[in-house]
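Here's the structure, in structure tokens; my notes come after.
Residue numbers (my numbering): 1 to 226.
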């Protein structure tokens with residue numbers, strides 16, 4: 001009886017929270033799981049069977065089906081593809097055993113030799129703004145991914161990624177840069193992802209009207225002095 005009441009209360013709290021999130025245009029699929037520590041900036045969507053744990057999502061960022069995002073600060077306008085894993089945790093390798101039964105009281109295997117946590121097995125991941133992470137990519141703990149970067153499908157990211165770099169492979173390496181240094185500097189200075197949505201709406205059509213950009217083009221859109 002007690003377990004049934006707890007289950008009902010848990011579901012009620014979840015429903016109430018999801019309703020409050022809808023007020024800031026956050027949609028969470030009924031099969032997704034989002035813990036209480038996860039925060040949203042608004043206009044976010046979490047798709048079917050995705051898991052978010054102790055993370056933050058900037059505005060207009062979304063998480064596709066079957067992805068798991070843990071201990072991550074995700075910027076604005078980020079696109080997380082299906083099956084992505086961010087912050088999976090790690091194990092110590094310098095002790096006699098790497099098994100958590102010796103250093104963690106979390107009972108990962110339903111048993112532990114210790115009553116206290118002796119090792120921190122996770123580090124926060126920092127992902128910038130306008131980052132696209134392709135399907136089934138893996139981003140390890142403690143990594144920082146710069147603004148505008150693209151992570152190819154299936155890549156394993158083990159170290160920091162530069163802004164506007166396109167990274168792929170196992171382990172991940174830079175395949176190319178999205179823009180040259182001058183254009184990247186202009187984009188990082190502009191920081192369009194921080195603009196109010198009504199300001200972005202006035203120039204949104206300009207974002208997609210050409211494939212080859214100059215610094216002057218970017219300055220014009222940003223309304224900067226040339």
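Ideal placement from N, C-alpha and C gives every residue a C-beta, glycine not left out.
Here the structure is a predicted model, which means the values were calculated and not measured.
*Given a threshold of 16 other Cβ atoms within 10 Å of its Cβ, counted over all protein chains shown, does residue 130 qualify as buried or as exposed?*
buried
*Taking 8 Å as the cut-off, does the CB of residue 70 come closer than this to any heavy atom belonging to the ligand ZN?*
Judged by which ligands are present, the structure shown has none, so any question about the ligand ZN falls away.
*Beta-carbon separation of residue 46 and residue 68 under 9 Å?*
no
*With DSSP as the reference, label residue 27 as helix, strand or coil.*
The answer is strand: DSSP assigns residue 27 an E or B state.
*Identify the continuous alpha helix (DSSP H) that holds residue 183 and give its terminal residues.*
Taken as a continuous stretch (DSSP letters only), the alpha helix (DSSP H) holding residue 183 covers 181-190.
*residue 52 vs residue 34 beta-carbon contact at 9 Å*: yes
*Endpoints, the alpha helix (DSSP H) within which residue 53 is located*: No alpha helix (DSSP H) contains residue 53, which is instead part of the beta strand (DSSP E) from 51-53.
*If we ignore side chains and look at the alpha-carbon of each, how far apart do residue 226 and residue 197 end up?*
Because residue 226 sits at a pLDDT of 38, beneath the cut-off of 50, its placement in the model cannot be relied upon, and the point is left open.
*Measuring CA to CA, which of 178, 157 and 154 is closest to residue 165?*
178
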